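Every letter in the sequence shown is one number past the one before it in this note's numbering, and letter 320, counting from 1, is 1098. Inspection log for the structure reproduced underneath, given as structure tokens.
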Amino acid sequence: MLQFLKYVLATIVGLIVFSIVSLFIIIGIAAAVGSSKDETTLKDNSVLKLDLNHSIVENVSDDENPFKDLGGAFMDNNESIGMVQIREALKRAAVDSHIKGIYLQAHYPQAGYAQLEEIRNALLDFKKSGKFIYSYGESFTEKGYYVTSVSDKIYLNPAGGMDFNGISAEVSFYKGALDKLDIKPVVFRVGEYKSAVEPYLRENMSDANKQQYSLLLNSINNHIFEQIAKSRNIDVATLKKVADELIAYKPKGALASKLVTDVGYYDEFEADFKKKLKKETEDKIDFVGLSKFLKAESAIPFNDSQNKIAVIVGEGAIIGAKADKGNIGSDDWVAELRKAREDKKVKAIVLRIDSPGGSSLASDVMWREVELTRKVKPVIASMADYAASGGYYMAMAADTIVAEPTTITGSIGIFAQFFNFENFLKNKLGITNDRVNTNAHSDFPTVTREMTDFEKDWFQRSVDAGYETFTSKAAKGRKMTIEKLKSLAGGHVWSGIEAKANGLVDVLGGLDDAIKIAAKKAKLKDGDYKAKFYPQPKSFIEEIFEKKEEEAQAKIMKAQFGELAPYVKQIQDLKAREGLMTLMPEVIEFK
């Protein structure tokens, strides 16, 4: 034990020293390459190079990686780009006389269909300026092609291919693994469709879950095909045939089906590009990337209005009071909402939600703050890829709910889940437990013994009460009868299109639509307000230290548990799902 403590202490001290030294090195190098902060001067006949082959999040810091242009070890291949920055760049590029068009790279964007729909619509708005969009890809994923399909020219490499075969969703089941480990799940739920617990109880999907997934995927897929058909001037029936027969997998099939305009190598694409720009063969194309373009002087007049629409972003799973990276904590989110409510310059608020749900308690805490805020100023909810279960809980008190057609929403339901590790500890690790209690249930709940019938009944009643709370508040927010609301609840997941049809959503649209609705509710005229995003994204330096903290935690776990560390981490993740949860079935990964 003493040796372990020495190792942990040495690791922590070493990381602190390393972090301090690294900070000074970073500051020094950043000063040396500080010119990256300088304003960009745009040349005539320039092209905006929009590279979407990254993880796409809602907002990123203006304090970008100052070393990325150095390449090599300084390059972050997992660098995220922000929806805020993409939308702003496209609006500015449309009216900037220096920008003649866009070179779109969207082979494999890491985002959901709702986010990509917003980008796609922004690109369509850009095309109204009369400027062009050209795309080239060695291959395209289904999502990548969905965005790319708005382009005037689409080149596909002769040796490449296109993943165009419809969408599917796959769910992994862990019952067999839990059985082998002697870990027993204990589950309480309400709703036929509340299937978030199925992976721990079954080896396949229930009929109800398959049914809801089928309806959801077909709704989204039909919408995607309709939008592609409109952009490529192809009928939907032809697209379905192309998908069913895998015709577009080969470049010649993609060309014959009119999904691409050309099959050719990059040099051929570049020659076509130069011709469009009226350049000579030996001339270079003046490409300008997203971050550099945003440092150029904006062609859009500066808005000096003091009126603000506060856009409060909630992105990730709802994990409780305090958030960690990529998740929502109720304390932090409520603090931002409260500040916006009390700020007299903020005339209306937009809740930008991208969450599959999580903690029931945290969801209810945030719901209460929305209720208080809407009594003071308009509150509009804008749903991104997910606003399901706890994510819908956050939105349902808003004056108006806006969702994309492909947003995954609903999942109004609740469950509680625990894991009994008694046999795992005893049979696999040789660890047993004993206890002394002062009362009948002093140790309740615990992971080291079976629940009694009384305790199970108590928890089921708690889940039932939680469901009644969720549905009654949803019915109030949606101005529905409780009977009507419950017919849409039961954990059922809906697409934005379906949710609009059944009344869970008011308007189909994106964040810009939600901001316009908020301004109208606040009686603000066009140009007499500006959107401000909260919370502020973390800076480059903060991101570095966050990564170092994660590395330190991983090393400490490795020191403590050795080769068992990955399995302990999985058990910790299971425990994190214990208690009352408002969480959708699974975060659906479309393929």
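For every residue, glycine included, the Cβ atom is placed at its ideal position computed from N, Cα and C. Computed from a prediction, not measured in an experiment: that's the story for all the values here.
Beta-bridge analysis with DSSP links residue 1166 to 1188. For the set 1082, 1244, 1057, 987, the Cα lying nearest the Cα of residue 823 is the one of 1057.
One Cα belongs to residue 1284, the other to residue 1091, and the distance between them is close to 20 Å. For residue 1241, the enclosing alpha helix (DSSP H) has its first and last residue at 1231-1256. Contact between the segment 1283-1298 and the segment 1203-1220 is absent: fewer than three C-beta pairs spanning the two stretches fall below 8 Å.
Around the CB of residue 899, 16 or more other CB atoms lie within 10 Å, so the residue is classed as buried.
Restricting attention to 962, 915, 1048, the CA atom closest to the CA of residue 825 is found in 1048.
Residues 1095, 1096, 1097, 1168, 1361 of the same chain have their beta carbon placed closer than 6 Å to that of residue 1136, with the five preceding and five following residues left out of the count.
Nearest C-alpha to residue 1220 among 1233, 1210, 1209: 1233.
The Cβ-Cβ distance between residue 920 and residue 941 falls below 8 Å.
Relative to the Cα of residue 926, the nearest Cα in the group 1002, 1303, 1202, 1250 belongs to 1002. DSSP places residue 1113 in the uninterrupted alpha helix (DSSP H) bounded by 1108-1120.
For residue 972, no beta strand (DSSP E) segment is defined, and its DSSP state is neither H nor E. Of the candidates 964, 907, 906, 924, the residue whose Cα lies closest to the Cα of residue 913 is 924.
Boundaries for residue 883: no alpha helix (DSSP H) harbours it, while the beta strand (DSSP E) harbouring it runs 877-883, taken from the DSSP string.
For residue 1265, the enclosing alpha helix (DSSP H) begins and ends at 1260-1266.
Straight across, the Cα-Cα distance linking residue 1259 with residue 1105 is about 33 Å.
The closest CA to that of residue 1073, considering only 834, 870, 1088, is found on 870.
Here DSSP, grouped into helix, strand and coil, assigns residue 1005 to helix. DSSP links residue 968 through a beta bridge to 1192. Here residue 1009 has 927, 928 as same chain residues with Cβ atoms under 7 Å from its own Cβ, once five neighbours each way along the sequence are excluded. For residue 1161, the three-state secondary structure derived from DSSP is strand.
Look at residue 929 here: in three-state DSSP terms it is coil, with no helix or strand label. Between the segment 1145-1152 and the segment 1229-1246 there are fewer than three C-beta pairs closer than 8 Å, too few to call the two in contact.
In the three-state scheme derived from DSSP, where H, G and I count as helix and E and B as strand, residue 1104 is classed as coil.
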